[in-house]
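**Student:**
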Amino acid sequence: MSTDPISDKSGVSETIATLRIYIEKRFELFRLKLGEQVSLIIAESIQRFIGILMIFGGFFIAWIAFGYYLSDLLDSLSLGFLAASIPLILAGIVFLNFKPKRITRRIQAGILNDLLNSMDQQSGKEQPEPMKPEKMKTD
């Protein structure tokens with residue numbers, strides 16, 4: 000009998016079976032790593048969202064206090080709150096109509112950097128320098 004693995008049919012089928020198992024395990028490992036990275040990004044996003052929500056809650060309460068302060072200065076509750084709402088209305092109009100690209104690029108760069116940093120941390124690679132929003136290509 001020959002011991003050459005190429006001419007041996009059972010050796011080839013064992014090699015193919017081993018290769019198939021190896022590919023399946025690599026795919027399963029990839030899915031697990033991807034799931035871990037996605038769950039990490041979601042968890043960090045939820046934490047940031049809660050932090051931003053708390054900050055905005057504090058600003059909201061401070062803005063109400065500012066409205067009461069203006070009401071006291073102007074001797075009219077409704078006029079004080081109207082004066083306090085004008086800067087918010089103007090800022091909302093600016094953001095809705097002009098859609099500043101600089102802010103959009105900065106947010107996009109932040110999201111991409113967070114994603115790449117979490118992937119690098121998972122793989123144990125050195126983290127790259129953060130991307131500058133000005134260097135990002137926009138349509």
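18 is the number that the numbering used here gives to position 19 of the sequence shown; each next residue is one higher, with no gaps. Ideal Cβ positions, reconstructed from N, Cα and C, are used throughout, including at glycine. All of these numbers come straight from a predicted model, not from anything done at the bench.
Suppose the cutoff is 6 Å on Cβ atoms and the five residues either side in sequence are ignored; what does the same chain contact list for residue 70 look like?
**Tutor:** For this step, residue 70 is matched to residue 71 along the sequence shown. Taken in chain order, the residues that qualify are 76 and 79.
**Student:** How big is the Cα-Cα spacing for residue 27 and residue 34?
**Tutor:** Against the sequence shown, residue 27 aligns to sequence position 28. Against the sequence shown, residue 34 aligns to sequence position 35. Spanning the two alpha carbons is a distance of roughly 11 Å.
**Student:** Mark residue 89 as exposed unless 16 or more other C-beta atoms lie within 10 angstroms of its C-beta, in which case mark it buried.
**Tutor:** The sequence position of residue 89 within the sequence shown is 90, counting from 1. Residue 89 should be labelled exposed.
**Student:** Can you say whether residue 66 is buried or exposed, counting buried as having 16 or more other CB atoms within 10 angstroms of its CB?
**Tutor:** The residue labelled residue 66 in the question sits at position 67 within the sequence shown. Counting Cβ neighbours within 10 Å, residue 66 comes out buried, since at least 16 surround it.
**Student:** Please state whether the Cβ-Cβ distance between residue 117 and residue 31 is less than 7 Å.
**Tutor:** Taking the first residue of the sequence shown as position 1, residue 117 is located at position 118. Taking the first residue of the sequence shown as position 1, residue 31 is located at position 32. Taking 7 Å as the Cβ cut-off, residue 117 and residue 31 do not qualify as a contacting pair.
**Student:** Under a three-way DSSP split, which group does residue 75 fall into?
**Tutor:** What you label residue 75 is simply residue 76 of the sequence shown in a count that begins at 1. DSSP places residue 75 in coil when its eight states are reduced to three.
**Student:** Below 8 Å on the Cβ atoms is my guess for residue 73 versus residue 82; work out the distance and round it to an integer in Å.
**Tutor:** Translated into the one-based positions of the sequence shown, residue 73 becomes position 74. Translated into the one-based positions of the sequence shown, residue 82 becomes position 83. Going by Cβ atoms, the distance from residue 73 to residue 82 rounds to 7 Å, so yes, they are a contact pair.
**Student:** Given residue 9, which residues of its chain have a CB within under 6 Å of its CB, disregarding the five upstream and five downstream residues?
**Tutor:** Numbered from its first residue, the sequence shown carries residue 9 at position 10. Closer than 6 Å at the Cβ level, and outside the excluded window around residue 9, lies no residue.
**Student:** Restricting to Cα atoms, I'd like to know which of 106, 45, 62 and 97 is closest to residue 86.
**Tutor:** Sequence index remark: in the sequence shown, residue 86 carries index 87 (1-based). The option with the nearest alpha carbon to residue 86 is 62.
**Student:** Since I believe residue 43 is in contact with residue 113 (beta carbons under 8 Å), could you give me their beta-carbon distance rounded to a whole number of angstroms?
**Tutor:** Indexing the sequence shown from 1 puts residue 113 at position 114. Indexing the sequence shown from 1 puts residue 43 at position 44. The Cβ separation is near 7 Å, so the contact holds.
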